[in-house]
Each structure stands twice: as structure tokens, then as C-alpha cells.
């Protein structure tokens with residue numbers, strides 16, 4: 005692959021050509037700089053996404069999803085059906101990162117996460133770009149999720165995010181400084197706590213901006229109970245609490261679990277739904293070395309088990325951390341369908357514990373730096389072939405996200421397209 009940038013000063017657009025010699029295809033990627041998103045842009049994007057969604061056909065390599073697999077209706081970037089097993093192929097899905105798409109498409113992330121019009125255009129334009137440039141198995145959808153990611157739940161307890169023009173919002177500081185401050189915490193109000201007013205406004209505005217054949221989904225609560233108190237209490241304090249004051253940890257975990265159950269129940273009532281759906285569980289901070297197997301079994305497993313029973317299952321379980329030593333315990337969570345094996349988690353035991361259970365499947369997640377940005381084509385191919393061989397007897401999918409632009413945008417796009425081509429050759433072939 006080669007990448008040749010050129011600038012057209014008259015329209016302040018950076019164009020660059022990525023030549024994929026293996027396919028004889030020239031990809032033209034453009035970055036709109038200093039371009040404000042107005043309502044004039046929206047109708048065109050709506051028409052493009054509608055046409056792609058309605059004209060979608062089975063790709064030449066086949067539909068690799070079990071469409072009849074019962075899954076959650078809670079819209080999420082992680083809500084995938086089980087992959088089909090036994091074809092020698094596997095689906096792969098790319099979702100590089102909001103930072104990547106913002107740089108690529110010319111969006112201000114402060115506006116994206118606080119303005120309904122910017123959020124809609126940002127998501128629709130991602131779908132169009134993915135459809136035009138990638139072979140991946142992610143589908144174009146006429147559903148827009150008002151997604152406040154992992155900083156939504158902490159905000160409900162007073163930990164408000166910090167915004168920036170060129171970065172995803174982040175959270176910092178501690179809310180629970182001692183037992184007294186914890187005693188003052190109240191269960192969040194679905195309408196008024198934290199980012200709730202912003203989300204309700206964006207949800208209402210988005211429904212007004214989109215036509216009737218498009219759907220808007222209200223934000224979800226992604227953070228698991230341990231992930232939530234990790235931020236509210238702070239990692240050092242929480243680590244010491246697990247040693248010095250186990251009852252306090254159980255009090256915080258029980259509180260977080262109860263708040264999750266109440267919030268999701270209120271969300272269902274707000275949306276006019278009769279029942280809860282299986283949960284998407286984001287447990288980014290669950291992992292070794294912060295949690296030993298004994299600590300996970302004592303402080304986390306009971307509450308995740310309760311949540312699975314309450315919601316009728318956990319549709320997807322995720323952690324960014326190394327959970328290799330915790331896998332046998334996580335496998336005890338009832339009704340866990342798709343397990344995420346992250347970059348630091350050993351793949352082989354995850355295959356044995358989750359991939360071979362009836363009705364379950366595995367997501368293998370790539371490391372965005374060592375396995376994508378910094379990898380040569382030969383290194384990518386060797387790693388992906390290793391993953392395919394390890395997972396050959398189970399239903400599995402490959403997932404890639406978390407790619408921030410570390411050097412140049414041109415280089416990052418080049419690596420994404422290279423990875424797409426290599427994945428297409430490996431996972432869409434039965435060889």
C-alpha cells in the first residue's frame with residue numbers, strides 16, 4: 005500500500021489516495037477541515053444511509069451471523085449475533101475510534117457529544133465511510149444510539165466529564181472519599197442526575213431531526229458495578245478497601261448494582277417496553293493485577309451473577325484488562341452469551357471456557373497499536389492466521405477498536421485499510 009497526500013487550498017480539503025495494489029483499487033479519503041455541520045448536510049446523509057440499508061445484499065462471502073440467535077434489543081456497538089460456525093469463515097467488525105473518525109471526517113468531538121445534529125451526522129457519515137471503504141461485517145443501520153459511553157454512569161453520581169475538541173470526554177477525581185461521602189450518595193434520578201438532562205435533550209432533538217423510518221435509541225448504562233465504583237472511589241482507595249474494609253466494598257457494590265437495576269427499569273418504562281433485555285456489561289477495570297481471582301470471586305462475581313439473573317442474561321461481557329486468571333470464574337456467570345477476549349487476555353483458555361459452550365460465542369479483540377498501527381502486513385497476517393487456527397472449532401468474531409491517531413491521519417487510514425484487506429483475505433475465505 006502507498007499513501008499520497010495532496011492539498012486543494014481552494015476548498016480547504018485534504019485529499020489523499022491510498023493505493024491498494026492487491027485489489028487494484030484507489031481509495032480516496034478526504035478530511036474536511038474547519039467545516040461546520042449544518043442541517044443542510046443531514047438530508048444527504050439520511051438518503052445515503054437509507055439507500056445503503058435498504059439495498060443491502062448478502063456479501064459475496066456470505067452472511068456470517070446467526071440471525072436467529074436470541075440477543076438483546078439494547079442497541080450497542082457491541083450487540084452482535086452469534087457468528088455462524090462451521091464454514092471456515094468468521095465475521096470481523098471495525099470501529100476504530102471517535103478520535104479517528106473525527107479527524108478523518110472533520111468533526112469537533114465536544115460538539116459531537118453535546119449536540120444532537122452533530123452526533124447524528126457523525127454517526128451517519130461513519131456508516132457511509134465504512135460501507136464505501138471496508139469489507140467488514142458491520143451492517144449499516146437506520147438506528148442511532150445516543151451513546152454517552154462509559155462516562156455516563158459516573159456522571160449520575162456527580163463525576164462530570166471533561167470535554168475537548170479533539171478527544172473523547174474523560175472523567176477524573178473521586179466522589180467517594182470516605183464512608184460519610186458514600187452515605188450521602190443517592191440513587192440517580194433518571195431525568196435530572198448528571199448527564200441525564202443532556203441525553204434527554206439530544207434524544208428528543210434527534211427524534212425530531214430524523215424521519216419516521218429511522219429510529220433513535222436512548223443511551224445505555226455501559227459500566228458494570230465494579231467499573232463504576234472504581235471511578236467513584238478511585239483505584240488506590242478501592243484496592244486498600246478490599247484488603248482493609250471488605251464490608252465497605254460490598255456496600256458500594258450492592259449500591260451500584262441496585263442503582264443499575266433501578267435505572268434500567270426506569271429506562272424501560274420511559275421507552276414503553278414491557279420487560280428488560282439481557283445486559284451489555286462493560287467491565288473495563290476488572291482484571292489482574294488489581295483483582296486477584298479471590299477478590300473477583302468475593303467482590304465482583306456475586307453482583308454480576310445477580311445482574312445476569314435480574315436481566316435474563318448478560319448478552320456481552322467486556323473488559324479491557326487482562327482477565328486470563330479470572331476466566332474460570334467469569335464462566336460461572338449464568339446466561340453469558342458472548343465473551344470478549346481482549347488484547348491482554350490469553351485466547352486459548354477463553355476458547356475452551358466460552359467458545360465451546362452451547363449458545364455462546366467469542367469476540368477476539370485486537371490491540372490497536374501493536375497489532376494494527378505498528379504492525380507490518382506480514383505481522384498482521386501471521387497474527388490473524390494464528391487467531392483463526394486457535395478459534396477454528398468455535399463460533400467467533402474479530403473486533404478492532406480503540407485506534408487513536410498517534411502519528412499522521414494518513415498513516416492511520418493506511419493501516420486500517422491494510423488490516424481490512426488482510427482480514428478479508430483470511431476470515432472471508434474458508435481456506
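In this note's numbering, the protein residues as written are 5 to 435. All residues carry an ideal CB built from backbone N, CA and C; glycine is no exception. Since we're looking at a predicted model, the values are computed, not measured.
Asked	Found
Buried or exposed (CB count within 10 angstroms, at least 16 for buried), residue 169	exposed
Inside the stretch 222-303 only - beta strand (DSSP E) runs reaching at least 3 residues	283-286
Beta-carbon gap between residue 285 and residue 322 smaller than 8 Å	yes
Proximity test, Cβ basis, 8 Å: residue 401 and chain C	No chain C is present in this structure, which holds just one protein chain.
Rounded straight-line distance, which links the Cα of residue 368 to that of residue 398	12 Å
Nearest candidate by alpha-carbon position, reference residue 457, set 154, 201, 216	Nothing can be reported for residue 457, as the shown portion of the chain is limited to 5 through 435.
Contact belief for residue 56 with residue 144 at Cβ below 8 Å, rounded distance in angstroms	4 Å
Which of helix, strand or coil DSSP assigns to residue 96	strand
Closest by C-alpha distance to residue 103, when choosing among 97, 130, 87, 95	130
DSSP-derived helix/strand/coil call for residue 199	coil
Supposed contact pair residue 357 and residue 330 - C-beta distance, whole angstroms, cut 8 Å	Residue 330 to residue 357, Cβ: 11 Å. No contact.
Residue 262 to residue 349 span [Cα, whole Å]	29 Å
Three-state secondary structure (DSSP) of residue 341	strand
Integer-rounded CB distance, given that residue 315 should sit under 8 Å from residue 280	5 Å
Neighbour-count burial assignment, residue 173, 16 or more Cβ in a 10 Å radius	buried
Contact the stretch 238-245 vs the stretch 188-199: 3+ CB pairs below 8 Å	no
Member of 94, 256, 303, 278 whose CA lies at the smallest distance from the CA of residue 290	303
Distance between residue 293 and residue 327 (C-alpha atoms, nearest Å)	9 Å
CB of residue 53 within 8 Å of CB of residue 128, strictly	yes
Residue 156 burial status per 10 Å Cβ neighbour count (16 or more: buried)	buried
Secondary structure of residue 171, DSSP reduced to three states	strand
Residues of its chain near residue 195, where Cβ-Cβ distance is below 8 Å and the 5 sequence neighbours each way are ignored	201, 204
Residue 141, DSSP secondary structure in three states	coil
Alpha carbon of residue 427 to alpha carbon of residue 96, nearest angstrom	7 Å
Spatial distance of residue 115 from residue 160 (CA atoms)	21 Å
According to DSSP, residues forming a beta bridge with residue 415	BP columns for residue 415 are empty, so no partner.
Cβ-Cβ separation, residue 158 to residue 232 (assumed contact under 8 Å), whole Å	6 Å
Contact under 8 Å by Cβ, residue 206 with residue 123	yes
Extent of the continuous beta strand (DSSP E) to which residue 333 belongs	Note, residue 333: premise wrong, no beta strand (DSSP E); alpha helix (DSSP H) at 331-334.
Endpoints, alpha helix (DSSP H) assigned at residue 113	113-116
Residue 87, DSSP secondary structure in three states	strand
Residue(s) in a DSSP beta bridge with residue 368	345, 402
Residue 374 versus residue 324 - alpha carbon distance	15 Å
Bounding residues of the beta strand (DSSP E) (the contiguous stretch that carries residue 147)	147-149
Per-residue DSSP class, three states only, for residue 67	coil
Residue 274, buried or exposed, once every other Cβ within 10 Å from all chains shown has been counted against 16	exposed
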